[in-house]
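Report on the following structure.
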Amino acid sequence: MDECHRAITKAEERFFAECNTSSVPVIAVFTKFDALWDDAFGQLKELGLTGMESKRMAPEKAKEIFTNMKIWERLCETQYPPKDWVYLAGVSTH
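Residue numbering for the sequence shown is 1 to 94, as defined by full-length UniProt numbering.
In structure tokens form, the structure reads like this:
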């Protein structure tokens with residue numbers, strides 16, 4: 001996974017492995033989710049979809065790609081897993 005697709009750092013993995021937040025729920029926030037949209041768009045184009053179709057379907061395909069990366073599963077296997085997660089897209093646009 002290259003830098004723009006870096007979903008979880010070693011520091012974040014360490015946090016969920018070592019930091020007991022007790023009764024305070026921690027929510028994992030995956031930012032830059034829209035970086036996966038480009039990959040999804042490319043995959044859809046390779047399947048023969050038009051640009052318009054690929055653009056429309058890219059967000060859903062990006063969710064599929066994210067799910068297949070098994071990042072949430074990895075976090076759930078830690079000693080102190082997050083309570084839930086959310087992804088954000090477009091946070092770097094002004």
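Even glycine gets a Cβ: it sits at the ideal position worked out from N, Cα and C.
Out of curiosity, what's the CA-to-CA distance linking residue i and residue j?
i: residue 56; j: residue 30; result: 22 angstroms
i: residue 90; j: residue 19; result: 30 angstroms
i: residue 33; j: residue 21; result: 26 angstroms
i: residue 73; j: residue 46; result: 28 angstroms
i: residue 23; j: residue 70; result: 26 angstroms
i: residue 39; j: residue 86; result: 20 angstroms
i: residue 41; j: residue 67; result: 16 angstroms
Just curious, the beta strand (DSSP E) that residue i is in, first and last residue?
i: residue 87; result: 84 to 87
Buried or exposed: which applies to residue i, given that a residue is buried once 16 or more other Cβ atoms fall within 10 Å of its Cβ?
i: residue 7; result: buried
i: residue 11; result: exposed
i: residue 103; result: Any property of residue 103 remains undetermined from this structure, which presents the chain solely from 1 to 94.
i: residue 36; result: buried
i: residue 61; result: buried
Looking at the secondary structure, which residues open and close the alpha helix (DSSP H) in which residue i lies?
i: residue 73; result: 71 to 76
Excluding the 5 residues preceding and the 5 following residue i in the sequence, name in chain order all residues of the same chain whose CB lies nearer than 8 angstroms to its CB.
i: residue 53; result: 44
i: residue 17; result: 78, 79, 80
i: residue 51; result: 45
Inset, instruction - Mind listing, in chain order, the continuous alpha helix (DSSP H) runs of no fewer than 4 residues lying wholly within the stretch 2 to 50? - result: Whole alpha helix (DSSP H) segments, 4+ residues: 10 to 18, 35 to 46.
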